[in-house]
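To start, the structure under review is shown below, and the notes come after it.
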Amino acid sequence: MSLSTVAILALAALGEARTVIQKKEISRPKFGNIPYGADIISCNQPGVIALTFDDGPGPLTAGIVDTLEKAGAKGTFFMVGKNGEDGLVTGDYTALVKRIHKAGHHIGSHSFTHPNFNEISYDEKVEELLQNEQAFVKTLGVIPTYFRPPYTACNGECYQALGDMGYHVTDYDLDTKDWENGGANAKEKYGNAVRFSNPDFNSFISLSHDIQPFTADGFVQFMLDVGHEKGYRFVTLGECLGDPAGNWYRDPETGDAIGDAPPEPTPEPTTSTSSKAPPPPKTTSTQAAPQASPGAHKEEESSAVSSAEESAATTAAAATGTIRTILTITTTSSASAESSALSTSPATTAATAATSSTDDSAAASTSSAEEETEPSAASFRAPSLTNALIASLAGLAAWAFL
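FYI, in mature numbering (1 follows the signal peptide of the UniProt record, and there is no 0) the residues of the sequence shown are -17 to -1, 1 to 385.
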């Protein structure tokens, strides 16, 4: 089973020309034996602890990585696209995220703006996933297959969306509560759980946060010391589940696993609608849960542009790194672009209407979460375009993707 992403067009008036930004359809094959769209709450082998960290990257993340590596331990980091002034879209953390990935730690998605997934629509959930995927593709060139819902809140529709989008839903069986009261009870919670366990039979997926000063200031070392005293090994989430590292990420161009595991045969890409399903039971099984078939329809094709115009716009955008297999950017006449927008899904109507106002009003037409989380437009500059096109493309790209 597979799912293609929803094609969303954003238009901006630029005199006689308009810029069309469109998301490319990506296949979402299911590979490996780990369930998709169902809770994973524990490891499937004894004697290991998977330390997982949410809400980064941030200013404390590097110190946590240093502590892990000095101990020869691996960790798992569920990252957000934009968390205040921090996150994947912040250029200051690009090198750090690449370092974490290269060192063999496991990286997963934690949404783009950290909303409660039980309080937003199916389409908004998908958009949160897509925006964070774009951030991952720009930073690492891959799309994670593991996701932890913000606040670990996930109902039936949440499981449906994550399953449709090809994500393993990651929970935990040891919550350190490091965020609560400055971590006052975190050592007791973690220490009691591990010290009164038996590594011959037990294992843990531990939840902490790499944005918490308490965690960075000694708590990670405490967790390592207590675990080592009991004879536990510290591994990535994928390793504790027995999932090969090649399955942790998918290729953004083909949708396949970046490793050697062959994907299941998939049908033609389809677009999921707002189908709902009851929440699946918690599971620790490594057998894939049955996948509900999403509703399907195909987005209408946007109107064609001349090959010369398309080539010029694509070349300019590619030079800035904005085209990374998820985006296509073309330039059309005002009439052509307007016609194209009218032929697309209702999701594009707000974007079309917004062309008569500023980029800020276009952003406001999406969701309140997106209004407060627009990234810098600098990463979307195209030097070979006109100044007007640069400004519009920057604003639109920030609104639509990052």
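Glycine is no exception: its CB is placed at the ideal position from the N, C-alpha and C atoms. This one's a predicted model, so the numbers in the text were calculated from it and none came from an experiment.
_Given L207 as reference, the closest of S10, G55 and S94 once Cα atoms are compared_ = Of the candidates S10, G55 and S94, the one whose C-alpha sits nearest the C-alpha of L207 is G55.
*How many Å lie between S94 and I23 at the Cα?*
Answer to the nearest angstrom: the Cα atoms are 17 angstroms apart.
*Give the single residue among H84, P42, G210 and E236 whose Cα lies nearest to the Cα of P29.*
Checked all of H84, P42, G210 and E236; the closest Cα to P29 is G210.
*Take D158 and list the residues in its own chain whose beta-carbon comes closer than 6 angstroms to its own, dropping the five residues that flank it on each side.*
Excluding sequence neighbours, D158 sits near L190.
*State the start and end residues of the unbroken alpha helix (DSSP H) segment that holds T44.*
Counting along the chain, T44 sits inside the alpha helix (DSSP H) bounded by residues T44 to K53.
*So, using beta-carbon positions, are Q114 and G67 closer together than 8 angstroms?*
It is not a contact, given that the beta carbons lie outside the stated cut-off.
_Suppose the cutoff is 6 angstroms on Cβ atoms and the five residues either side in sequence are ignored; what does the same chain contact list for A199 look like?_
Hits under 6 angstroms: L43, G46 and I47.
_So, for S257: in the same chain, excluding its five sequence neighbours on each side, which residues have a beta-carbon less than 6 angstroms away from its beta-carbon?_
Annotation note: pLDDT 32 at S257 (below 50); position unreliable, coordinate value reported separately. Same-chain partners within the cutoff: Y105.
*Are Y129 and L220 touching if we call contact CB-CB under 8 angstroms?*
Taking 8 angstroms as the Cβ cut-off, Y129 and L220 qualify as a contacting pair.
*What does DSSP give as the partner residues of V31 in its beta bridges?*
V31 is bridged to R216.
*Taking F100 as the reference, which of T135, I126, F119 and D69 has the closest Cα?*
Considering only alpha carbons, the answer is T135.
*For the alpha helix (DSSP H) that S119 lies in, which residues bound it at each end?*
Checking the sequence, you will find Phe at residue 119 rather than Ser. First-last of the alpha helix (DSSP H) with F119: Y105 to L123.
*With 16 other CB atoms within 10 Å as the buried threshold, where does A240 fall?*
By the neighbour-count criterion, in which 16 or more other beta carbons inside 10 Å mark a residue as buried, A240 falls on the buried side.
*From the DSSP output, which residues share a beta bridge with Y129?*
Beta-bridge pairing links Y129 to H151.
*Identity of the residue in K57, S92, V152 and G70 nearest G20 by Cα*: Nearest option by C-alpha distance: V152.
*Beta-carbon proximity check, F14 vs N181, cutoff 8 angstroms*: Going by C-beta atoms, F14 is not nearer than 8 angstroms to N181.
*Option in E163, E212 and G149 with minimal Cα separation from D234*: Among E163, E212 and G149, the Cα nearest to that of D234 belongs to G149.
*Spatial distance of residue 389 from T73 (CA atoms)*: The chain is shown from -17 up to 385; residue 389 falls before or after that span and cannot be answered.
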